[in-house]
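Chemist:
Now the structure itself:
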C-alpha cells in the first residue's frame, strides 16, 4: 500500500521522481556580484600603486574556473539522474521474468527452490 502522505509520486523510490531543483547556496558569489566587487576594487585602488594586471586577470580566471566547475557538477548530476532513471526502468521490465545473476551464495526458504547455472 502506498502512503499518500509520504509522496505524491509512487515511483520516486525507483529514482523516477520529478527532478528536484537543488537550492543554490545563498552565500555563493554570482557573476554580477563578482563584477560589482571588481569594479569597486578598481575604483577604490590607490592611483599611485594600481592593481597589477596579472593579479586582476588571476582573479577573473579563478572565478571563471569555479563557475565552470559548478556548471560541470550540475551537468554531471543531471547525467547521473538520467542513468538512475534508466536503470529503474530496465529493472521494471524484469518484473515477472526469470533472470540469472552472478552470485557466490544463495538463500533457500523452506518450501521453495533455487534454480541456477554453473559456468
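Numbering (my numbering), first residue to last: 29 to 147. Cβ coordinates follow ideal geometry from the N, Cα and C atoms, glycine included. None of these values were measured; they are calculated from a predicted model.
How many angstroms separate the CA atom of residue 140 from the CA atom of residue 133?
Modeler: In a straight line, the C-alpha of residue 140 is about 16 Å away from that of residue 133.
Chemist: For a minimum of 4 consecutive residues, which ranges assigned as the alpha helix (DSSP H) are wholly contained in the segment 49-104?
Modeler: Correct list: 59-72.
Chemist: Could you check what DSSP says for residue 136 in three-state terms: helix, strand or coil?
Modeler: Residue 136 falls in the coil class under three-state DSSP.
Chemist: Express the C-alpha separation of residue 74 and residue 64 in angstroms, rounding to a whole number.
Modeler: Rounded to whole angstroms, residue 64 to residue 74 spans 18 Å at the Cα level.
Chemist: Take residue 66 as the anchor and find which of 86, 76, 95 has the nearest alpha-carbon.
Modeler: Closest by alpha carbon: 86.
Chemist: Against chain D, does residue 105 count as a neighbour if the rule is that its beta carbon must be under 8 Å from one of theirs?
Modeler: Judged by its chain identifiers, the structure shown contains no chain D, having just a single protein chain.
Chemist: Do residue 122 and residue 145 have their C-beta atoms within less than 8 Å of each other?
Modeler: No, Cβ-Cβ distance for residue 122 and residue 145 is not below 8 Å.
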